[in-house]
Amino acid sequence: MWLSLLLACTSAPSILQGLGSGAPDPRWPEAGAPLHHPVLEVPEGFGRYGVFVVAGHGTGSNVGNLGCRCIQEEHFTLEAASDLAARLEITGLFEIIEARSDTARPSYPARLRHLARSGADVLIELHSDARGARVAEASGSVGDEICRCTDVDPGLSVLVSDEGGEALDAARLALARHVADALGRAGFPLYDGGRYGAQYERDTTEGVFLDRRGLMMLRRPKVPSIIIETHNALDPQEADRWEEPRTRDAFARAVLGALIAYFSEERS
Ligand SMILES: [Zn+2]
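In numbering that gives the first Met the number 0, the protein residues as written are 0 to 267.
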């Protein structure tokens, strides 16, 4: 039995623009590429769960990549994670704990201690990739570092560790697969891993990769944890899409849907 209907609409200026014109919809990451908002339903007695949201990087000299638009990854992740946290929190379904906010720059071990203290049920960490061997141009610089751009390899991926023991790995993979499925259905292209190399092993679910770098935030938490590589920061169009509120809205709705599906399964 379903308690309430949450959300159902489509963020697609392009669909409206395209109606009657015969023009094909733009394809991600082109401007106006449609994103879809699923119908989300919350099962009766769903409960309230803790979600630990981590903005990747932002500690010591660990600032992450420098994207095509000269945005440092640590700044992008802080903004995107805060946005996701706010959009999840407003549903009232989750207690949201943010690992990094404002000017605080906690170390990764400190984030893990915070996670353990918080009693959160899952961890979601956001990043962006900087991939693409065919670097098309340099768009500027920050200090000595050039802001590189590429026109290949857009898309997102979900990273997870499968080295935590049977029960934890099953929960990690379930969370990762729900998130990748939901984001794919929302219209975000799932990266095929073509340039990832041996440290990213493809899972059976499209867009999910098993981490072979031994990343602390995937390996150490005692609750299921995933990293979402939201986009390729070197792709100027994709970087621009991620500055649009509708992209962040569709992203948050997809993650929300995945969390509802995951916790519904966990309870049954
Ligand atoms: Zn990163």
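Where is the CB? At the ideal position from N, CA and C, for every residue including glycine.
Between the alpha carbons of LEU65 and ARG212 lies a gap of roughly 21 Å. CA-to-CA, the gap between MET215 and GLY163 works out to about 12 Å. A Cβ-Cβ distance of about 6 Å is found for the pair LEU111 and ARG219, placing them in contact under the 8 Å criterion. DSSP, read as helix, strand or coil, puts PHE262 in helix.
Counting only runs of 4 or more residues that sit fully inside the region 184-267, the alpha helix (DSSP H) segments are 215-218, 235-240, 244-266, in chain order.
For GLU73, there is no enclosing beta strand (DSSP E); the residue is part of the alpha helix (DSSP H) that begins and ends at 72-88.
For ASP168, same chain residues with a beta-carbon under 8 Å away, outside a window of 5 residues either side, are SER160, ASP161, GLU162 in chain order. Taking a contact as a CB-CB distance under 8 Å, the pair VAL207 and VAL254 does not count as one, their CB atoms being some 14 Å apart.
A contact is defined here as three or more CB-CB pairs under 8 Å, and the region 232-246 fails this definition with respect to the region 95-113. Counting other Cβ atoms within 10 Å of its Cβ, SER267 stays below 16 and is therefore classed as exposed. The shortest C-alpha to C-alpha distance from SER138 to any of THR76, CYS67, GLY154, ALA54 is the one to CYS67. Taking C-beta separations shorter than 8 Å and ignoring five residues to either side along the sequence, the partners of LEU87 in its chain run VAL50, VAL52, PHE93, ILE95, ALA251, VAL254, LEU255, LEU258, following chain order. Residue side-chain check: HIS56 places its Cβ nearer than 7 Å to a non-hydrogen atom of ligand 1.
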